[in-house]
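Novice: My questions all concern the structure below.
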Amino acid sequence: MSSKPMVDLILTGATVIDPSQELYAVRDVAITGDRIVELSEDIQAEAKQRIDLSGRILTPGFIDIHAHLYAGSTTWGIRFDALCLATGVTTVVDAGSSGWANFWGFEENMVAHARTQTLAFVHISGIGLTFGPLGELEDIRYACPDRTAGIIKAWPETCVGLKIRMGRFQLGDNGIAPLHLAVEAAEATNTPIMAHLGPGIDLPEVLRTLRPGDVVTHCYHDKGDDIFGDGDRILPAVWEARERGVLFDVGHGGGSFSFDTAKRALAQDFTADVISTDLHSSSLEDPVMSLPETASKLLNLGVPLVGVVRQCTTGPAESIQRADELGTLRPGSVADLAAFELQEGGQFEFRDVHDQLMVGPKNLSPVLTIRAGTIYDPDALAGEREADRQRALRMKALSHGDIETFLKG
Numbered sequence: 103m104s105s106k107p108m109v110d111l112i113l114t115g116a117t118v119i120d121p122s123q124e125l126y127a128v129r130d131v132a133i134t135g136d137r138i139v140e141l142s143e144d145i146q147a148e149a150k151q152r153i154d155l156s157g158r159i160l161t162p163g164f165i166d167i168h169a170h171l172y173a174g175s176t177t178w179g180i181r182f183d184a185l186c187l188a189t190g191v192t193t194v195v196d197a198g199s200s201g202w203a204n205f206w207g208f209e210e211n212m213v214a215h216a217r218t219q220t221l222a223f224v225h226i227s228g229i230g231l232t233f234g235p236l237g238e239l240e241d242i243r244y245a246c247p248d249r250t251a252g253i254i255k256a257w258p259e260t261c262v263g264l265k266i267r268m269g270r271f272q273l274g275d276n277g278i279a280p281l282h283l284a285v286e287a288a289e290a291t292n293t294p295i296m297a298h299l300g301p302g303i304d305l306p307e308v309l310r311t312l313r314p315g316d317v318v319t320h321c322y323h324d325k326g327d328d329i330f331g332d333g334d335r336i337l338p339a340v341w342e343a344r345e346r347g348v349l350f351d352v353g354h355g356g357g358s359f360s361f362d363t364a365k366r367a368l369a370q371d372f373t374a375d376v377i378s379t380d381l382h383s384s385s386l387e388d389p390v391m392s393l394p395e396t397a398s399k400l401l402n403l404g405v406p407l408v409g410v411v412r413q414c415t416t417g418p419a420e421s422i423q424r425a426d427e428l429g430t431l432r433p434g435s436v437a438d439l440a441a442f443e444l445q446e447g448g449q450f451e452f453r454d455v456h457d458q459l460m461v462g463p464k465n466l467s468p469v470l471t472i473r474a475g476t477i478y479d480p481d482a483l484a485g486e487r488e489a490d491r492q493r494a495l496r497m498k499a500l501s502h503g504d505i506e507t508f509l510k511g
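Using the working numbering, read the sequence shown as starting at 103 and increasing by one per residue.
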């Protein structure tokens with residue numbers, strides 16, 4: 103009988119990239135139950151299962167802090183589980199689909215049934231993003247700091263902060279006032295705010311109001327009132343906010359990621375802290391696709407591989423105040439991992455929200471996902487993922503007023 107310890111799973115031969123440990127080297131990883139139990143050069147334990155990942159990249163599970171997941175109850179919500187687990191995403195955060203009035207339903211109907219760890223920024227508007235064609239804070243009476251704080255306090259395991267969309271379409275004539283109400287709720291719960299950037303609201307004023315640890319999403323949009331203002335240089339207020347600890351997130355979405363803006367920002371050494379998708383029914387099919395697809399765009403724009411991995415793991419974990427448990431492969435942490443093939447030397451096509459084409463030589467292709475010790479194969483999830491995609495396309499048609507396509511199913 104062997105005297106070696108027995109573990110459930112050993113992953114061998116992969117190049118491990120874990121920015122939380124400044125690790126970029128070939129390592130083995132041992133898992134028992136839902137925990138990582140060893141990370142070393144040559145694990146000697148016996149294993150019930152071994153997977154050879156030689157030639158592949160192994161990272162902490164990717165964390166997507168901006169998606170819209172309240173399918174069936176909001177304009178943009180998608181069914182997300184198969185997509186996440188097929189593409190290396192082990193934790194996903196809903197960005198304000200629900201407010202205090204409908205969060206309980208989100209918790210019971212989405213969070214409770216998801217295999218992917220599902221968290222939420224709760225919208226300061228009590229109705230969340232229920233009805234996309236109208237701004238959720240045109241009537242400021244929808245903003246309820248006390249009730250929103252109550253929800254966050256009642257579900258601290260799910261709620262990571264508050265969401266607000268700072269654009270004139272969403273706020274009407276209310277200007278900066280709703281953001282002050284969001285700050286009130288955030289202060290009461292010691293949580294960050296995720297602030298969507300949009301045209302019609304003065305960006306420097308927004309940035310001055312945000313606090314260290316708050317997150318600006320859509321940092322590479324070009325719809326007006328963006329990080330460049332009316333000039334060619336990044337606004338001083340942006341640098342000042344970063345210096346104070348305000349974080350910046352890609353938040354690609356269907357209208358908020360421009361290759362030109364990203365190139366200009368990167369040329370001025372302004373790199374986002376976090377890469378996220380802003381996946382929803384109108385962005386899922388095109389141009390976002392997935393978090394690895396979005397990460398590959400930044401990789402081909404010149405962000406180093408380690409930087410891209412950090413922006414999808416350690417960075418988002420820190421932004422939602424979960425870095426002690428997520429975004430790391432330290433022994434004792436939850437067994438959330440993602441394996442990718444780094445495809446190089448190809449001609450991979452990527453598009454931004456303006457349908458601008460970029461052809462690049464690199465692509466992150468998902469190989470497997472491990473969520474809390476359970477292995478997920480992308481191929482095995484293909485059928486479920488396709489059904490979810492078709493549902494999202496129907497909702498996209500309905501939200502755009504294309505009733506004929508919606509009825510065709």
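Beta carbons are placed, not taken as given, at the ideal position from N, Cα and C, and that holds for glycine. If you're wondering where the values come from, they're calculated on a predicted model, not measured in any experiment.
Beta strand (DSSP E) containing Arg473: first to last residue?
Specialist: Within the sequence shown, the letter at position 371 stands for residue 473. Arg473 -> beta strand (DSSP E) spans Leu459 to Arg473.
Novice: Where does His170 land, buried or exposed, given buried means 16+ other C-beta within 10 angstroms?
Specialist: Position 68 of the sequence shown, counted from the first residue, corresponds to residue 170. Answer is buried; the Cβ neighbour count reaches 16.
Novice: Using DSSP with H/G/I as helix, E/B as strand and the rest coil, what is Ser398?
Specialist: Indexing the sequence shown from 1 puts residue 398 at position 296. Helix, per DSSP.
Novice: Would you mind working out which of Ala440, Thr430, Leu386 and Gly434 sits nearest Ala499, comparing C-alpha positions?
Specialist: If you number the sequence shown from 1, residue 499 lands on position 397. Answer by Cα proximity: Leu386.
Novice: Taking one C-beta from the region 266-281 and one from the region 200-215 each time, how about it: are there three or more such pairs within less than 8 Å?
Specialist: Put simply, the region 266-281 does not touch the region 200-215. Fewer than three CB pairs are less than 8 Å apart.
Novice: If you check the beta carbons only, do Ser227 and Ser384 fall under 8 Å apart?
Specialist: Start at 1 with the first residue of the sequence shown, and residue 227 comes out as number 125. Start at 1 with the first residue of the sequence shown, and residue 384 comes out as number 282. Ser384 sits away from Ser227, with the two beta carbons spaced by 8 Å or more.
Novice: For Cys261, which beta-bridge partners are listed by DSSP?
Specialist: Numbered from 1 along the sequence shown, position 159 holds the residue referred to as residue 261. DSSP lists Ala222 as partners of Cys261.
Novice: Could you give the distance in angstroms between the alpha-carbon of Ala514 and the alpha-carbon of Leu141?
Specialist: Lying outside 103 to 511, the shown extent of the chain, residue 514 is not represented and no answer is given.
Novice: In angstroms with no decimal places, state the Cα-to-Cα distance between Ser467 and Ala364.
Specialist: Numbered from 1 along the sequence shown, position 365 holds the residue referred to as residue 467. Numbered from 1 along the sequence shown, position 262 holds the residue referred to as residue 364. Each residue's Cα considered, the two are about 22 Å apart.
Novice: Report the start-end ranges of each beta strand (DSSP E) in the region 183-241 that is 3 residues or longer and not cut off at the edges.
Specialist: 191-197 and 219-225
Novice: Pair every Cβ in the region 418-434 with every Cβ in the region 473-484, then say whether three or more of these pairs are closer than 8 Å.
Specialist: Counting Cβ pairs under 8 Å, fewer than three are found: no touch.
Novice: Let me know the secondary structure DSSP gives Val340 once reduced to three states.
Specialist: Indexing the sequence shown from 1 puts residue 340 at position 238. Helix, per DSSP.
Novice: Less than 8 Å between the C-beta atoms of Pro162 and Gly429, yes or no?
Specialist: To locate residue 162, count along the sequence shown from 1; it is residue 60. To locate residue 429, count along the sequence shown from 1; it is residue 327. It is a contact, given that the beta carbons lie within the stated cut-off.
Novice: Can you tell me whether DSSP reads Phe372 as helix, strand or coil?
Specialist: What you label residue 372 is simply residue 270 of the sequence shown in a count that begins at 1. In the structure shown, Phe372 sits in coil (DSSP, three-state: anything other than H, G, I, E or B).
Novice: On the criterion of 16 or more Cβ atoms from any shown chain inside 10 Å, does Asn292 qualify as buried, or is it exposed?
Specialist: Translated into the one-based positions of the sequence shown, residue 292 becomes position 190. Flag for Asn292 reads exposed.
Novice: Output the distance between the C-alpha atoms of Phe359 and Ala149, rounded to the nearest integer angstrom.
Specialist: Along the sequence shown, one-based indexing puts residue 359 at 257. Along the sequence shown, one-based indexing puts residue 149 at 47. Taking the straight line joining both Cα atoms gives about 44 Å.
Novice: Taking the beta carbon of Ser378 as the centre, do at least 16 other beta carbons fall within 10 Å, making it buried, or is it exposed?
Specialist: Indexing the sequence shown from 1 puts residue 378 at position 276. It is buried - the Cβ of Ser378 has at least 16 other Cβ atoms within 10 Å.
Novice: Please classify Met391: does DSSP put it in a helix, a strand, or coil?
Specialist: For this step, residue 391 is matched to residue 289 along the sequence shown. In this structure, Met391 counts as coil in the three-state DSSP scheme.
Novice: In chain order, what residues of the same chain have a beta carbon less than 6 Å from the beta carbon of Arg53, not counting five sequence neighbours either side?
Specialist: Within the shown structure, residues of the chain are numbered from 103 to 511, placing residue 53 beyond reach of any answer.
Novice: Among Ser156, Thr220 and His354, which has the Cα closest to the Cα of Thr114?
Specialist: Here residue 114 refers to the residue found at position 12 of the sequence shown. When each option's Cα is compared against that of Thr114, the closest is Ser156.
Novice: For the alpha helix (DSSP H) that Gln272 lies in, which residues bound it at each end?
Specialist: The sequence position of residue 272 within the sequence shown is 170, counting from 1. Taken as a continuous stretch (DSSP letters only), the alpha helix (DSSP H) holding Gln272 covers Arg270 to Leu273.
Novice: Go ahead and label Gln413 buried or exposed: buried means 16 or more other beta carbons lie within 10 angstroms of its beta carbon, across all protein chains shown.
Specialist: If you number the sequence shown from 1, residue 413 lands on position 311. So Gln413 ends up on the buried side.
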